[in-house]
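Last residue of the sequence shown: number 343 in our numbering, and the count goes up by one each step with no gaps. Have a look at the structure below, then the notes.
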Amino acid sequence: MSKLESMVKGLLDKAKEDLKASKILYEYDLKAQALNHLEQASEKILKAYFIGYIIDFLVFVYKIAEQAKAYEVYRSIHQLVKQAVRNYSIPKNLGHRFDAFLNKFMPKLYESVCGGEFADYYEYSVKNGLIPYIKKKRKIIIEAFMEEGLTREQSEKLLDIAIEYMMQAPGILRSEKTRSSLCNSDNVKNFGYSLEELRKSKEPCLKAALQFYDFVSKTIKRYFREEMLKNKTMIEDLEKAKRALNQLAEYTEIGLFEKYAKNIDSFLYNIVRGNMLVYMILPLHYCLVKYYEATRYPDKRVSEEILEKEYNEIPNAIKTLEEVHDIVKKLVFS
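Right, here's the structure in full:
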């Protein structure tokens, strides 16, 4: 387990403890304290996701970009990735409300992905950094596969397929369908603005945040089943992926690949749904941040009327965060 993976596991374990504490405090009618532990749980779950799913990938990209000297060609995007790796691989640097990460880093990364620069940077790094390294170490990698019980032919084919699919990622990022569905900058700006307004609001917000999460969850399910799986391009891509996984199963005699091939639409749905739902607890987190200071400072008290309304929603909030906790765990470690 890498250092970042160990950190993510620790964050998720601590989040589980916070959820347990919130349950106990709820049962003892300690409203503000129960909300405070919910906020702590949501913060740790989000940090675990950002570090384990986004920053960990950028660490990989940064390493191969350094080998490829991509900074000589793609200076601005390399600097952005470098800053993310150095700053945001440390939980406390993400901040309590994730302000810098969400308001500065993510929009810039989003812009570079949607503008095509990140795809060019990644492709350059793979071609000039990763693939030459793999070719140089090919013999060692093949021997490592063989030590795991694969034949030489299986090991060589597995490595060739892995390289082929590494090179396909930039094409996915450049796809017009990907960019048209994801790259609406107004959505990002409006979402960030709404989060900040939610934090400032004096009104109860748990019920609305939970309803929002539930609505998005159901909408993703309906959209994926009714629209995405009718998309001709997506069906063709899924078939290609199935063939590749079946190839891997055939060449390596590893049943796991065959299992993924049979259930690839469900597997893809869980990845798409999982990644979106993690972001959909941001409104819940920003709602809970409002009550963070109420348990720490005497002059930051919250009215009993508001607490009473929020109190009734705590069981649903715990259930939602438990679900997202398990989603993050699967996304990072599966």
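Think of the CB as a built atom: it goes at the ideal place given N, C-alpha and C, for glycine as much as any other residue.
My output table needs one value for residue i: the three-state DSSP class, helix, strand or coil.
| i | result |
| --- | --- |
| GLY19 | helix |
| PRO116 | helix |
| MET10 | coil |
| MET176 | coil |
| THR304 | helix |
| GLY158 | coil |
| PRO292 | helix |
| CYS214 | coil |
| PHE224 | helix |
| ASN279 | helix |
| GLY104 | coil |
| ARG234 | helix |
| GLU322 | coil |
| SER343 | coil |
| VAL311 | coil |
| ALA146 | For the record, residue 146 in the displayed sequence is Lys; it is not Ala. Reduced to three states, the DSSP call for LYS146 is coil. |
| GLY138 | helix |
| LYS32 | helix |
| LYS166 | helix |
| LYS209 | helix |
| LYS299 | coil |
Within the same chain, show all residues whose beta-carbon is closer than 6 Å to that of residue i, passing over the 5 residues directly before and after it, in chain order.
| i | result |
| --- | --- |
| ASP27 | HIS46, GLN49 and ALA50 |
| ARG7 | Any question about residue 7 goes unanswered here, given that the chain covers just 10 to 343. |
| VAL135 | MET175 |
| LEU340 | TYR62 and GLY283 |
| ILE315 | PRO213 |
| LYS53 | LEU20, LYS23 and ALA24 |
| TYR83 | TYR130 |
To which residues of the same chain is residue i closer than 8 Å at the C-beta, ignoring the five residues directly before and after it?
| i | result |
| --- | --- |
| VAL68 | LEU13, VAL94 and SER98 |
| ARG147 | LEU168 |
| MET10 | LYS18 |
| ARG208 | ARG106, TYR295, CYS296, VAL298 and LYS299 |
| ILE60 | LEU13, MET16, VAL17, LEU20, TYR97, SER98, PRO100 and LEU103 |
| PRO307 | none |
| LYS249 | none |
| ARG347 | Because the chain in this structure spans residues 10 to 343, residue 347 falls outside the shown range and cannot be described. |
Of the choices the options, whose alpha-carbon is the least far from that of residue i?
| i | options | result |
| --- | --- | --- |
| ASP335 | MET10, SER11 and LEU20 | LEU20 |
| GLN42 | GLU332, ILE323 and VAL341 | ILE323 |
| LYS345 | ILE54, THR329, ILE86 and GLU52 | Given that the chain is displayed from residue 10 to residue 343, the structure contains no residue 345 and the question cannot be resolved. |
| ILE6 | LYS32, LYS166, PRO141 and ASN137 | Absent from the model: residue 6. The displayed extent of the chain is 10 to 343, so no value can be given. |
| MET289 | TYR320, PHE224 and ILE280 | PHE224 |
| GLN220 | VAL17, MET115 and CYS296 | CYS296 |
| LYS113 | ASP129, GLN92 and TYR130 | GLN92 |
| HIS105 | GLU314, LEU340 and LYS299 | LYS299 |
| ALA78 | LYS144, ASN137 and TYR278 | Just to set this straight, residue 78 is Lys in the shown sequence, not Ala. Selected option, being the one with the closest Cα: ASN137. |
| ASN321 | LYS32, LYS25 and ASP22 | LYS32 |
| ARG231 | ARG208, TYR278 and LYS211 | TYR278 |
| HIS87 | PHE59, GLU206, LEU111 and TYR131 | TYR131 |
| SER121 | LYS144, TYR142, GLU156 and SER85 | SER85 |
| TYR58 | PRO307, ILE280 and GLU314 | ILE280 |
| VAL70 | LEU111, ALA128 and LYS23 | ALA128 |
| LEU111 | PHE66, GLU156 and LYS56 | LYS56 |
| PRO100 | PRO141, ILE73 and LYS23 | LYS23 |
| MET16 | ASP65, TYR37 and LYS144 | ASP65 |
| TYR222 | MET285, TYR133 and LYS211 | MET285 |
| VAL333 | PRO116, GLU157, SER226 and TYR306 | SER226 |
| GLU81 | TYR133, LEU44, LYS145 and GLU36 | TYR133 |
| LEU3 | PRO116, GLU75, ALA153 and ARG305 | Residue 3 lies beyond the residue range present for the chain, which begins at 10 and ends at 343; the question has no answer from this structure. |
| TYR35 | PHE342, ALA326 and GLU331 | ALA326 |
Kindly list the residues whose CB is nearer than 7 Å to the CB of residue i, restricted to its own chain and excluding five residues on each side of it in sequence; keep chain order.
| i | result |
| --- | --- |
| ALA303 | ALA41, LYS309, ARG310 and VAL311 |
| LEU204 | LEU291, PRO292 and TYR295 |
| LYS318 | PRO213 |
| LEU118 | LEU89 |
| ILE140 | ILE172 |
| LYS25 | HIS334 |
| TYR142 | GLN76 |
**Prompt:** What are the uninterrupted segments assigned as alpha helix (DSSP H) that are 4 or more residues long and contained completely in the segment 34-100, given in chain order?
**Reply:** Counting only runs of 4 or more residues that sit fully inside the segment 34-100, the alpha helix (DSSP H) segments are 40-58, 65-77 and 84-96, in chain order.
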